[in-house]
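Residue numbers (our numbering), protein chains in the order written: chain A, 2 to 115; chain B, 6 to 120.
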């Protein structure tokens, strides 16, 4: 079985500060890993994904994430928060087999203070 | 052009009623999904269809019945609505061949409120 845990249901940062969202997975085989963002009253949008090509993955809007197998983690970062980053962020995993089922973490709400 | 669209955006109804939510994608994808997002924003897959064939059917009450008339459409019909069905329902699609690394593209959601 696979699951994903997001540490911290709510993160508050100042504009211009570092954004760090934590995601850990549990799987005997490293899965594919995704970060999705949900802006208020909208659907989910892919930020980035890890598919084993490179451990440091760059995404849209200045976000990046690093896959660390030894720590079973895929934390999301952005060096400088912008007001428009206020949203719900979801980490998700899918298995490295012909299984396209996404399992989502509980989500982290990011608020950005002016 | 909207890639994945859902109608209606909001749906308010009484307990016991039957309702449908429609989803259409114009991305040419073969695989479509329904997700339920509860009040705590937890997302869980309900169903998936690939080219009109049901391929994922999670533990969902049989009051929920997906229907795919063609690969661009996946509708969700709910019978005898209950209070616990109140949630936001998201449709999504992904390309063929269906792979674990595929990006899923989500619609804007349908907020269902059962009174």
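Using N, Cα and C, we set each Cβ at its ideal position, and we do this for glycine too. Since the model is a prediction, treat every value here as computed from it, not as a measurement.
One thing to note: residue 98 (chain B) has its Cβ within 7 Å of the Cβ of residue 34 (chain B). In this structure, the beta-carbon distance from residue 104 (chain A) to residue 94 (chain A) falls below 7 Å. Under the DSSP assignment, residue 67 (chain B) falls outside any beta strand (DSSP E); it carries neither an H nor an E label. Excluding residues up to 5 positions away in sequence, 49, 57, 58, 59, 77, 78, 79 lie with their Cβ nearer than 8 Å to the Cβ of residue 65 (chain A) in the same chain.
The Cβ-Cβ distance between residue 52 (chain A) and residue 25 (chain A) does not fall below 7 Å. According to the DSSP secondary-structure assignment, residue 41 (chain B) is paired through a beta bridge with B:49, B:94. A distance below 6 Å between beta-carbons, with the five flanking residues on each side excluded, links residue 114 (chain B) to the following residues of its chain, in chain order: 93, 95. Within its own chain, the residues whose Cβ lies closer than 7 Å to the Cβ of residue 87 (chain A), once the five positions on either side in sequence are excluded, are 111, 112, 113, listed in chain order.
Considering only B:108, B:65, B:86, the residue with the shortest C-alpha distance to residue 34 (chain A) is B:108.
Of the candidates A:4, A:38, A:27, A:38 places its Cα closest to the Cα of residue 89 (chain A).
Rounded to whole angstroms, the Cβ separation of residue 20 (chain B) and residue 86 (chain B) is 6 Å, and the two are in contact under 8 Å. For residue 46 (chain B), the chain A residues whose C-beta falls within less than 7 Å of its own C-beta are 89, 108, listed in chain order.
Taking the Cα positions, residue 74 (chain A) is about 28 Å away from residue 53 (chain B).
Taking a 10 Å sphere around the C-beta of residue 30 (chain A), we find fewer than 16 other C-beta atoms and assign the residue as exposed.
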